[in-house]
Amino acid sequence: MDYNKLAELLFPHIKKTPEEYEKIYPQRNLPADAKVTRLGPSPTGFIHLGNLYGAFVDERLAHQSGGVFFLRIEDTDDKRYVEGAVDIIIDSLRFFGINFDEGAETAGGSYGPYYQSERGEIYQCFAKKLVKQGQAYPCFLTSEEIEEIRAKQEANKENMGIYGKYAICRDLTYEEIEAKINAGESYVIRLKSSGSTDLPPEEMRHIEVEDGIRGTLSMPENNQDVVILKANGIPTYHFAHVIDDHFMRTTHVVRGAEWLPSLPIHVELFEKVGFEMPVFCHTAQLMKIDEETGQKRKLSKRKDPELSLDYYRNEGYHPAAVREYLLTILNSNYEEWRAENPLAAIDDFTFTTEKMSNSGALFDLNKLNDISKDTLVRIPASELREFMADWSREFKPEITHFFEDDCAYIEKILDLGRAGDKPRKDLIYAKQIFEFISYFFDDYFKIEDDVPANASSDVQDILTEYLASYNHEDDQSEWFSKIRAIAEKLGYAAKPKDYKKNPEIYKGHVGDVSTVIRIALMGRAQSPDVWEIQQILGEERTRARIKQFMS
RNA sequence: GUCGCCAUGGUCAAGUGGUCAAGACGUUAGCCUCUCACGCUGAAAUCAGGGGUUCGACUCCCCUUGGCGAUACCA
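This note's numbering numbers the first residue of the first sequence as 1 and each following residue consecutively.
So, in structure tokens, the structure goes:
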């Protein structure tokens, strides 16, 4: 077989040589330890927490080392394309603080095009090269024929796939190939694997790869004649990955562990095509418990809408909180570092692949919420106010004016109890924050809780006394001593401890009295400090709410 | 089915042959306290099972089990 002739038959239109591409996409001019990473999403427009998780690793690795982080759209599967998806990907990631230096629709870059669908000639050039080397060949198997082979293999308990004796198109002569092509038969280009097909797995040659996260990986070499170019001339992921990451000069390929099984394919492809391999970093996957089965499983874009990034934006999680959370599950020493450096910028943390876990972590909403509280408590009220305004504009526009009209008022509310060494940590995410403070807005103020049963008959008396003694100028302790006085006068213990000692001689204690006031003022039995709230509400509204509750 | 990855409390995990096996979330007892939060002090809770190697194994090897993943002209 004259492989050169075959290559020309298959790829008559490919004129550029591999060497020319090496010149078009030269080595990047970067410091020796700078890392070049990439995110390669397919344009379905759906990204979930798991994608963010991976993107974060890429981003940190690149930007921490003075390298480059670029975006490549892996649109080799035309069935999956969704309009506007790329913008969604870029915007969502940007919201969470992840920015690309290069790639699709961003800062440009000279290693493009960054859409795989526009890189056809490059792939074909290297497919042609492999054909010339006698290491790839056209395969005319139809899907029905492949299905038959699969059925036979299954029946014989053999390994699945096209390899060895099943790779019947390997043996086609030039004339046969030419005839089929002239007859209009469609075909794919397959790798002619040099892996052994008749040895048991343990005797097969093993490849060794040094993984950035998992250390030395040893697995049986590939022996499958995988498809590298589909019938439409577009490459499969395997081939596109090898070509693109070489010519885009990626140094570190960060991808999910679901790619581990196909690593031998990639190794063989890199060898045959003559490229140096990047460092692979196979990340563990974010998991969740499936509600139906109760089992742990990988995040799924179809099944887990609540893990969509949009969900977190919708709920109003602050991007900084999500980043904190992701980093704590990404690097096991992050939490400790954060405890020691509570105020440090997130970029000051040295992210390493060695500190990444290689077993899948379960997504933990509790933990996210806890981290979010700690994160928000460090954010100044003015910034939180803006965050709330931005969030509401997008998801709850009818309340946006609250966060824009009277900034001073809102900021006092958001800062409620946050001063001092032991600040309150009430705020978690925007939706929750609004509910938490909604009683400050007259339109949303409503009585939600019942007064304590033991004080229900004294409500009028308590509030009458309260109004009578109320002085908006009182400081906090003056104010509270008046509450104590009212409590005593009406038969309640001024101190809860007294009540606990002799419950029979009291109707209740001062807490019951203040709860009545709380409910009149906030509609809730639980709230931050009443005095502070009154100061924010103002005297007029304070008195009005008490009176309204009495009527 | 075959192949691969993984395996410390409910969850995230430190640990790298000799530890009373860190820490965080959650749960829980209490303290603080006008409620709720915050904070503080405690508690319960983990090395999947079985074989080796070793004076000694959570740590190394093997098997089993379990979970996850891959077995596409999807990525």
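Think of the CB as a built atom: it goes at the ideal place given N, C-alpha and C, for glycine as much as any other residue.
Just so we're clear, the structure is a prediction, and the values are computed from it rather than from any experiment.
As assigned by DSSP and simplified to three states, the class of residue i
i: I519; result: helix
i: R190; result: strand
i: H318; result: coil
i: V226; result: coil
i: R385; result: helix
i: G511; result: helix
i: M550; result: helix
i: P452; result: coil
i: R541; result: helix
i: K35; result: coil
i: E210; result: strand
i: P138; result: strand
i: K288; result: strand
i: A104; result: coil
i: H48; result: strand
i: Y163; result: coil
i: S469; result: helix
i: A494; result: coil
i: H282; result: strand
i: S481; result: helix
i: T464; result: helix
i: F96; result: coil
i: P41; result: coil
Burial state of residue i (16 or more Cβ within 10 Å)
i: V556; result: With the chain running from 1 to 551 in the structure shown, residue 556 is simply not present.
i: L6; result: buried
i: A487; result: buried
i: M160; result: exposed
i: L384; result: buried
i: Y439; result: buried
i: E324; result: buried
i: I505; result: exposed
i: P380; result: exposed
i: P342; result: exposed
i: M356; result: buried
i: A468; result: exposed
i: N502; result: exposed
i: Y166; result: buried
i: D347; result: exposed
i: D171; result: exposed
i: A520; result: buried
i: R255; result: buried
i: H48; result: buried
i: S481; result: exposed
i: T250; result: buried
i: S597; result: Nothing can be reported for residue 597, as the shown portion of the chain is limited to 1 through 551.
i: D245; result: buried
i: I462; result: buried
i: G514; result: Note on identity: in this sequence residue 514 is Ser, with Gly being the wrong assignment. S514 should be labelled buried.
i: D2; result: exposed
Distance cut-off 8 Å: residue i Cβ against heavy atoms of the ligand ZN
i: V86; result: Among the components modelled here there is no ligand, and therefore nothing to report on the ligand ZN.
8 Å contact criterion, which residue i and residue j should meet: CB distance rounded
i: Y111; j: M248; result: 5 Å
i: Y123; j: L229; result: 7 Å
i: T76; j: I234; result: 5 Å
i: A525; j: V510; result: Not confirmed; about 14 Å, so no contact.
i: L427; j: F436; result: 7 Å
i: I517; j: V530; result: 6 Å
At least three beta-carbon pairs within less than 8 Å, the segment 217-225 to the segment 316-334 | no
Using 8 Å as the Cβ pair cut-off and three pairs as the minimum, do the segment 120-140 and the segment 181-193 touch?
-> Judged by Cβ distances under 8 Å, the segment 120-140 makes contact with the segment 181-193, as three or more pairs qualify.
Are at least three pairs of beta-carbons, each pair with one atom in the segment 456-465 and one in the segment 417-431, less than 8 Å apart?
-> Segment contact: the segment 456-465 against the segment 417-431, fewer than three CB-CB distances shorter than 8 Å; contact not assigned.
May I ask you to verify whether the segment 90-104 touches the segment 235-245, counting CB pairs closer than 8 Å and requiring at least 3?
-> no
Just checking, does the segment 385-404 make contact with the segment 360-369 on the three C-beta pairs under 8 Å criterion?
-> no
Along the chain, which unbroken stretches of the alpha helix (DSSP H) at least 4 residues long are found entirely within the segment 347-414?
-> 365-376, 381-395, 407-414
On the three-pair Cβ rule with 8 Å, is the segment 274-291 touching the segment 63-77?
-> no
Between the segment 204-215 and the segment 161-180, do three or more beta carbon pairs fall short of 8 Å?
-> The answer is no - the segment 161-180 does not touch the segment 204-215, with fewer than three Cβ pairs under 8 Å.
Which runs of the beta strand (DSSP E) fall wholly inside the segment 423-449 and span at least 3 residues, in chain order?
-> none
Validate contact between the segment 61-69 and the segment 28-35 using beta carbons, cut 8 Å, 3 pairs = yes
Residue ranges of each alpha helix (DSSP H) run of no fewer than 4 residues wholly in the segment 233-264, ordered along the chain?
-> 237-247
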